[in-house]
Amino acid sequence: MDIFGDIPWYIYFAAMILKVLVAFVFVLLTVAYATYAERKLIGFMQVRIGPNRTGPIGLLQPIADGIKLFFKEEIIPAQASKFAFVLAPLVALVPAFISFAVIPFGDSIQIAGYKFPLQIAAYADKAGTVYDLNIGVLYILAMASLGVYGIVLAGWSSNSKYSLLGGLRASAQMISYELAAGLAIVCVFMVSQSLSLQAIVADQSGLFGWYIFRNPFLFVAGIIFFICSLAEINRTPFDLPEAETELVSGFCTEYSSMKYAMFFMAEYANMVTVCAVMTTLFLGGWHGPLPSVLNFIAKVYVLMFVCMWIRATYPRYRYDQLMKLGWKVFLPITLFLIMGNAIWMTLFK
Amino acid sequence: MVSLNFYLVLSAILFAIGTIGVLTRRNAIVIFMCVELMLNAVNLTFIAFSKYLGNLDGQIFVFFVMTVAAAEAAVGLALMIAYFKNRESIDVEDMNLMKW
Amino acid sequence: METLFFLIVAAIAVICSLMVVTNKNPINSALSLIMTFFCLATLYVMLEAPFMAAIQVIVYAGAIMVLIVFVIMLLNIKSEAGRRTSHALFMGISVGLLLLVQTWYLLVKSSLSSVRGTVDSAMISKVGHTELIGKSLFTDFLLPFEITSILLLVAIVGAVVLSKKKL
Numbered sequence: 405m406d407i408f409g410d411i412p413w414y415i416y417f418a419a420m421i422l423k424v425l426v427a428f429v430f431v432l433l434t435v436a437y438a439t440y441a442e443r444k445l446i447g448f449m450q451v452r453i454g455p456n457r458t459g460p461i462g463l464l465q466p467i468a469d470g471i472k473l474f475f476k477e478e479i480i481p482a483q484a485s486k487f488a489f490v491l492a493p494l495v496a497l498v499p500a501f502i503s504f505a506v507i508p509f510g511d512s513i514q515i516a517g518y519k520f521p522l523q524i525a526a527y528a529d530k531a532g533t534v535y536d537l538n539i540g541v542l543y544i545l546a547m548a549s550l551g552v553y554g555i556v557l558a559g560w561s562s563n564s565k566y567s568l569l570g571g572l573r574a575s576a577q578m579i580s581y582e583l584a585a586g587l588a589i590v591c592v593f594m595v596s597q598s599l600s601l602q603a604i605v606a607d608q609s610g611l612f613g614w615y616i617f618r619n620p621f622l623f624v625a626g627i628i629f630f631i632c633s634l635a636e637i638n639r640t641p642f643d644l645p646e647a648e649t650e651l652v653s654g655f656c657t658e659y660s661s662m663k664y665a666m667f668f669m670a671e672y673a674n675m676v677t678v679c680a681v682m683t684t685l686f687l688g689g690w691h692g693p694l695p696s697v698l699n700f701i702a703k704v705y706v707l708m709f710v711c712m713w714i715r716a717t718y719p720r721y722r723y724d725q726l727m728k729l730g731w732k733v734f735l736p737i738t739l740f741l742i743m744g745n746a747i748w749m750t751l752f753k
Numbered sequence: 008m009v010s011l012n013f014y015l016v017l018s019a020i021l022f023a024i025g026t027i028g029v030l031t032r033r034n035a036i037v038i039f040m041c042v043e044l045m046l047n048a049v050n051l052t053f054i055a056f057s058k059y060l061g062n063l064d065g066q067i068f069v070f071f072v073m074t075v076a077a078a079e080a081a082v083g084l085a086l087m088i089a090y091f092k093n094r095e096s097i098d099v100e101d102m103n104l105m106k107w
Numbered sequence: 002m003e004t005l006f007f008l009i010v011a012a013i014a015v016i017c018s019l020m021v022v023t024n025k026n027p028i029n030s031a032l033s034l035i036m037t038f039f040c041l042a043t044l045y046v047m048l049e050a051p052f053m054a055a056i057q058v059i060v061y062a063g064a065i066m067v068l069i070v071f072v073i074m075l076l077n078i079k080s081e082a083g084r085r086t087s088h089a090l091f092m093g094i095s096v097g098l099l100l101l102v103q104t105w106y107l108l109v110k111s112s113l114s115s116v117r118g119t120v121d122s123a124m125i126s127k128v129g130h131t132e133l134i135g136k137s138l139f140t141d142f143l144l145p146f147e148i149t150s151i152l153l154l155v156a157i158v159g160a161v162v163l164s165k166k167k168l
């Protein structure tokens with residue numbers, strides 16, 4: 405069949421399943437230990453110790469948390485709209501994970517004469533040409549824009565004032581910051597001239613090949629993209645949808661047990677995804693001094709550390725400040741960046 | 008390959024369902040959603056024809072339809088909010104005055 | 002195989018669109034509509050239009066429907082209280098069915114006869130769907146494209162004026 409590109413179908417399927425499993429398990433483990441790392445790091449930054457009771461230096465803490473949440477009682481409010489209430493955590497979790505399908509996490513590897521690109525939604529034919537999703541970046545944007553439904557549904561279906569306010573804030577925030585993030589990515593398109601993530605990574609070899617170092621406009625675009633992504637996944641300092649000090653716990657006030665754990669996982673999985681996308685689009689993907697996969701992982705972890713660092717450093721924005729930042733600061737700047745980038749590209753070809 | 012008629016029949020069914028929704032529902036937002044459904048049914052025809060005629064013009068039309076739908080969503084929803092502020096309802100049966 | 006897949010997706014699309022029309026609760030209608038849009042995006046991928054599929058998800062599911070859900074939540078619209086009278090219901094459904102019969106008749110009686118273009122699967126996988134769309138949009142359809150920007154501007158101005166505190 406044509407879609408397997410003259411690779412035997414069993415090798416094709418085995419490679420696909422293996423890639424999916426490895427990527428999925430890796431993301432799950434990262435999510436589990438990101439919670440531990442975040443508590444430990446913020447602890448150190450605030451001159452506390454952080455979790456240290458469960459296992460050596462508290463290493464079993466995520467597992468203990470998981471078991472605790474798993475055995476908690478499941479509570480569905482009587483006035484809640486049941487179907488949406490159960491659906492919401494799933495809708496929040498799934499887009500975070502499936503964005504990984506298009507992110508290239510390593511160079512292609514050769515096994516037994518066949519070439520396998522380390523990207524889930526990609527394959528190579530016998531000649532060694534790698535085919536991947538032609539619209540990879542748009543796919544990521546689409547999935548990012550779906551993440552909001554989980555939060556909005558949770559907020560609406562709980563039938564609680566706090567949850568509803570959290571859901572409202574989440575949808576307004578997502579719409580506002582999606583625009584600036586999308587416009588920042590346009591700068592990348594202009595340089596890469598392709599929407600395929602394989603092509604974008606291949607174009608960034610060498611330290612000064614990284615898009616963030618290509619020109620000053622792309623540098624600013626990279627930083628804006630990262631900040632907007634933080635706002636889109638509701639990380640501190642933009643975590644208004646679940647602001648504890650004003651909204652109890654925002655959209656997940658009424659959730660308990662595994663459903664709450666799923667929102668928690670969605671938040672961290674989103675963080676991993678955003679860091680991976682940032683790495684791929686601006687920081688050279690898997691290029692670097694180490695073996696390709698390790699480069700990618702190292703960059704993602706450094707970015708996740710930055711996320712936690714930001715959380716420990718900045719206080720939460722006020723709602724009007726957040727909207728002002730999105731619409732009156734980032735949107736005009738990104739529009740200007742696109743113009744500047746175009747001028748730079750025509751001047752210094 | 009799926010025959011072109013399959014797509015056309017599907018699009019006709021979706022369009023009819025959208026029409027029924029517009030004519031039988033009273034909630035203005037649901038009517039609005041049914042209009043979107045009708046637009047999408049038409050988009051499907053455009054893209055199906057574009058594929059079977061080997062011509063991209065149909066897809067460009069879909070592009071324009073989506074732009075119009077986005078503009079329509081912005082203005083339409085703003086109208087509904089403005090109306091709701093005045094009448095506390097978005098039932099189309101209540102929209103029986105040209106001014107208030 | 003492909004036809005079977007098409008039939009499954011089409012069945013889901015039809016069921017979800019029926020739920021849009023029949024659900025009492027506007028949020029559930031909106032969710033069903035999002036599902037319908039997803040089915041349509043799947044069909045666009047089957048029709049070798051991946052760019053249109055991505056745009057479908059980004060624009061419809063990601064922007065327009067979020068806006069609609071936002072307004073439903075903002076106005077806190079609960080389930081519909083009144084219903085149409087049975088006369089109106091009957092008339093509406095019969096007009097819809099008449100439309101269906103009409104299109105059906107048109108389909109049966111007509112045949113696809115037009116000049117075939119040059120775009121085929123080989124060209125799409127070689128050049129890329131996005132590139133083809135872009136080229137067409139910025140050469141043959143440049144004027145409509147520019148006019149679209151005016152349309153959007155008008156829509157923005159309209160939305161801003163309409164949402165002022167005192168109309």
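Going line by line, the protein sequences match chains C, S and P.
When you number the first sequence by our numbering, it's gap-free, plus one each residue, and the end is 753.
When you number the second sequence by our numbering, it's gap-free, plus one each residue, and the end is 107.
When you number the third sequence by our numbering, it's gap-free, plus one each residue, and the end is 168.
Positions of the beta carbon are idealized from the N, C-alpha and C atoms, including for glycine.
Keep in mind that this is a model prediction, so the values were computed, not measured.
Integer-rounded CB distance, given that residue j should sit under 8 Å from residue i
i: threonine 677 of chain C; j: phenylalanine 504 of chain C; result: 7 Å
i: valine 541 of chain C; j: leucine 601 of chain C; result: 7 Å
i: alanine 89 of chain S; j: leucine 68 of chain P; result: About 15 Å; that fails the 8 Å criterion.
i: glycine 554 of chain C; j: methionine 74 of chain P; result: Actually they are not in contact, since the Cβ atoms of glycine 554 of chain C and methionine 74 of chain P sit about 14 Å apart, beyond 8 Å.
i: phenylalanine 52 of chain P; j: valine 9 of chain S; result: Not really, about 20 Å apart at Cβ, beyond 8 Å.
i: proline 508 of chain C; j: valine 431 of chain C; result: Going by Cβ atoms, the distance from proline 508 of chain C to valine 431 of chain C rounds to 15 Å, so no, they are not a contact pair.
i: alanine 82 of chain S; j: glycine 159 of chain P; result: First, the amino acid is wrong: residue 82 of chain S is valine here, not alanine. With a Cβ gap of about 5 Å, valine 82 of chain S and glycine 159 of chain P count as contacting.
Bounding residues of the beta strand (DSSP E) (the contiguous stretch that carries residue i)
i: isoleucine 507 of chain C; result: Counting along the chain, isoleucine 507 of chain C falls outside any beta strand (DSSP E), and DSSP gives it neither H nor E.
Continuous alpha helix (DSSP H) stretch holding residue i: start and end
i: proline 772 of chain C; result: Beyond the ends of chain C as shown, which are 405 and 753, falls residue 772 of chain C; an answer cannot be given.
i: glycine 402 of chain C; result: A query on residue 402 of chain C cannot be resolved here, the shown segment of chain C reaching from 405 to 753 and no further.
i: tyrosine 106 of chain P; result: 87-110
i: methionine 117 of chain P; result: The amino acid at residue 117 of chain P is misidentified as methionine; the sequence shows arginine. Premise fails: arginine 117 of chain P is in no alpha helix (DSSP H) and is neither H nor E.
i: cysteine 656 of chain C; result: Cysteine 656 of chain C -> no alpha helix (DSSP H), and no H or E assigned at all.
i: aspartate 141 of chain P; result: Where aspartate 141 of chain P is concerned, there is no enclosing alpha helix (DSSP H), given that its DSSP letter is neither H nor E.
i: tryptophan 614 of chain C; result: Where tryptophan 614 of chain C is concerned, there is no enclosing alpha helix (DSSP H), given that its DSSP letter is neither H nor E.
i: threonine 37 of chain P; result: 27-47
i: leucine 5 of chain P; result: 3-23
i: proline 736 of chain C; result: 735-751
i: glycine 447 of chain C; result: 413-449
i: asparagine 699 of chain C; result: 696-717
i: lysine 127 of chain P; result: 122-128
i: tyrosine 566 of chain C; result: 565-596
i: glycine 470 of chain C; result: 465-474
Sequence-distant residues of its chain with Cβ nearer than 7 Å to residue i (five each side left out)
i: asparagine 699 of chain C; result: Trp690, His691, Gly692
i: tyrosine 664 of chain C; result: Leu473, Cys656
i: alanine 603 of chain C; result: Ser596
i: lysine 476 of chain C; result: Ser660, Ser661
i: alanine 76 of chain S; result: Glu43, Leu46
i: tyrosine 437 of chain C; result: Pro466
i: leucine 694 of chain C; result: Ala702
i: alanine 48 of chain S; result: Ser18, Leu21, Phe22, Gly25
Sequence-distant residues of its chain with Cβ nearer than 6 Å to residue i (five each side left out)
i: cysteine 41 of chain S; result: Gly25, Gly28, Val29
i: serine 485 of chain C; result: Ser561
i: alanine 42 of chain P; result: Ala54, Gln57, Val58
i: leucine 550 of chain C; result: Pro499
i: methionine 405 of chain C; result: Below a pLDDT of 50, predicted positions are generally treated as unreliable, and methionine 405 of chain C, at 42, falls in that range; the measurement from the model is reported next regardless. Result list for methionine 405 of chain C: empty, nothing under 6 Å.
i: proline 493 of chain C; result: Lys663, Met666, Phe667
i: lysine 423 of chain C; result: Ile524
DSSP bridge partner residues for residue i (one or two, in chain order)
i: leucine 522 of chain C; result: C/Gly510
i: aspartate 536 of chain C; result: C/Ala526
i: isoleucine 515 of chain C; result: C/Tyr518
i: asparagine 34 of chain S; result: S/Asp98
Own chain, CB closer than 8 Å to residue i, minus 5 neighbours either side, in chain order
i: isoleucine 46 of chain P; result: Sequence check: residue 46 of chain P is valine here, not isoleucine. Taken in chain order, the residues that qualify are Ala54.
i: phenylalanine 91 of chain S; result: Ile97
| message | Which residues of the stretch 528-550 of chain C have a Cβ closer than 7 Å to any Cβ of chain P? Give them in chain order. | response | Listed by position, the residues of the stretch 528-550 of chain C near chain P (Cβ gap below 7 Å) are Asn538, Ile539, Leu542, Tyr543, Leu545, Ala546, Ser549, Leu550.
| For the stretch 22-35 of chain S, which residues have a beta carbon sitting closer than 9 Å to at least one beta carbon of chain P? | Hits within the stretch, in order: Phe22, Ala23, Ile24, Gly25, Thr26, Ile27, Gly28, Val29, Leu30, Thr31, Arg32, Arg33, Asn34.
| task | Using a Cβ-Cβ cut-off of less than 8 Å, give me the residues of the stretch 121-143 of chain P that come near chain S, in sequence order. | result | Listed by position along the chain: Asp121, Leu133, Ile134, Ser137, Leu138, Asp141, Phe142.
| Quick one, which residues of the stretch 572-584 of chain C are near chain P if we go by CB-CB under 8 Å, in chain order? | The residues in question are Leu572, Ser575, Ala576, Met578, Ile579, Glu582.
| message | Short of 7 Å Cβ to Cβ, which residues in the stretch 48-70 of chain P face chain S? | response | Cβ contacts with chain S come from Leu48, Glu49, Ala50, Met53, Ile56, Val60, Ala64, Ile65, Leu68, Ile69.
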